[in-house]
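First residue of the sequence shown? That's 1 in the UniProt record's numbering, and the numbers climb one at a time after it. Below: the structure, in C-alpha cells.
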Amino acid sequence: MSPLSPQLSDMLLPLWLSLKLAAITTLCLLLFATPLAYWLAKPSSSNLIARIKIMLIGIIAMPLVLPPTVLGFYLLLLLSPNFALGKWLMAHDIGALAFTFKGLVVGSIIYSLPFYMQPVYAQFLRIPKSVSDMALLLEPSRLRRFTAVSLPQAKTGIILGSLISFAHTIGEFGVALMIGGSIAGETKVISIAIYEQVEALNYDMAHTMSLLLVLLGIILVGLIASINRQVNEGSLTTTNHSPPKPKR
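What follows is the structure in C-alpha cells.
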C-alpha cells in the first residue's frame, strides 16, 4: 500500500461524507419544504391561520440568527436518550440519533431550512394572482394546481434554494460537531476534518482540504450567479402564465 493512501483516505472520506450529507439534506428539503413554502405563501382567509404562518416563518428563520453551536446543543439534548424525543425513539426501536449520520441529517435539514425556504417562498409569492385565480377556476384538484401551475412558476427559486442549501450544508461546522461529533466514516464531515488537522498542526493537509472546499464553493457560486443572471435577462423567469386546460 502506498504511504499516501492513509492521507488520501483521511481527505476523501470526509469529503464524500459531506457531499452525501448535502445531497440527502437537499433532497429532503425539496420533498417537504417546497410544499411548506407554497402553503406559507398562499393568502389566508383566516386571521388565525395568517398569524400561525407568521409564527412559523419566524421559527424557520431562527437558524439565521442563532449561533450554530446553540442550535446543535439543543438538538443534541432533544435527540439524546435522556429527553422525551430520544426516549420515544429508543422505546420504538428506532435508536438514538445523536452521534449518528441520521442525526446529522436531521440537524442539517433544520439548519439549512431557512436557506432553502427564502428563495422558494419568495418565488411562490411572485406568482401572479391572475394565474392562481384562473387555475382555481379551471382545475378543481389542489394537487394538480400545485404540480402543474405553481411548481413550474417557482422553478427558479427551487433551483436556487437547492444550490444554496447544498452549499450551506457542505460548509456547516457547529451543528455537525455538536450533534455528530467526529466519528470517522460516520459523522466526520470535511469541515470537522479540517479543524482536526489544524489542531494537529498538519497545515499541509488542512490547506489541501480547504482548497477542495474553495474550488467546490467557486463552482456552486458560479452556478448560482449564472441562474441569477439568466433570471435578470428573462430566460428563466416565469413568463408562461397560461393556466391549465379545463378537463373535458
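Heads up, the beta-carbon is just placed ideally off N, CA and C, and yes, glycines get one too. As the structure is a prediction and not an experimental result, all values here were calculated from the model.
Enumerate in chain order the residues of its own chain whose CB-to-CB distance from residue i is below 7 angstroms, with the five nearest sequence positions on each side excluded.
i	result
residue 21	104, 105, 108, 169, 189
residue 24	105
residue 239	For residue 239, the predicted structure reports a pLDDT of 45, less than 50, and the residue's modelled location is therefore unreliable. A value from the coordinates is still provided. Same-chain partners within the cutoff: there are none.
residue 165	25, 26, 29, 112, 115, 116
residue 311	Summary: the structure shown does not reach residue 311, with the chain confined to residues 1 through 248, and so no result is reported for it.
residue 81	87, 90, 96
residue 7	205
State the Cα-Cα distance for the pair residue i and residue j, rounded to the nearest angstrom.
i	j	result
residue 150	residue 163	20 angstroms
residue 88	residue 153	40 angstroms
residue 34	residue 42	13 angstroms
residue 183	residue 29	25 angstroms
residue 101	residue 193	15 angstroms
residue 198	residue 204	9 angstroms
residue 200	residue 99	22 angstroms
residue 85	residue 186	22 angstroms
residue 181	residue 196	12 angstroms
residue 18	residue 148	34 angstroms
residue 222	residue 191	21 angstroms
residue 133	residue 48	23 angstroms
Relative to the alpha-carbon of residue i, which residue among the options has its alpha-carbon at the smallest distance?
i	options	result
residue 36	17, 187, 121	121
residue 63	52, 7, 75	75
residue 161	124, 49, 39	124
residue 39	145, 8, 200	145
Assuming residue i contacts residue j under a Cβ cut-off of 8 angstroms, what Cβ separation, rounded to an integer in Å, is found between them?
i	j	result
residue 178	residue 32	The Cβ separation is near 23 angstroms, so there is no contact.
residue 71	residue 111	6 angstroms
residue 156	residue 227	7 angstroms
residue 44	residue 53	6 angstroms
residue 215	residue 171	Going by Cβ atoms, the distance from residue 215 to residue 171 rounds to 13 angstroms, so no, they are not a contact pair.
Residues in its own chain within less than 6 angstroms of residue i by CB, not counting five upstream and five downstream?
i	result
residue 68	174, 175
residue 158	120
residue 127	153
residue 10	none
By Cβ distance below 8 angstroms, which residues in the same chain neighbour residue i in space, the five residues on each side in sequence not counted?
i	result
residue 77	83
Does the CB of residue i have a neighbour CB from chain C at under 7 angstroms?
i	result
residue 11	The chain labelled as chain C is not found in the depicted structure, where only one protein chain is given.
message: Assess contact between the segment 49 to 62 and the segment 110 to 119, defined as three or more Cβ pairs (one per stretch) separated by less than 8 angstroms. Is contact present?
response: Contact between the segment 49 to 62 and the segment 110 to 119 is present, because at least three Cβ pairs lie under 8 angstroms.
At least three beta-carbon pairs within less than 8 angstroms, the segment 199 to 210 to the segment 4 to 19: Segments in contact, yes.
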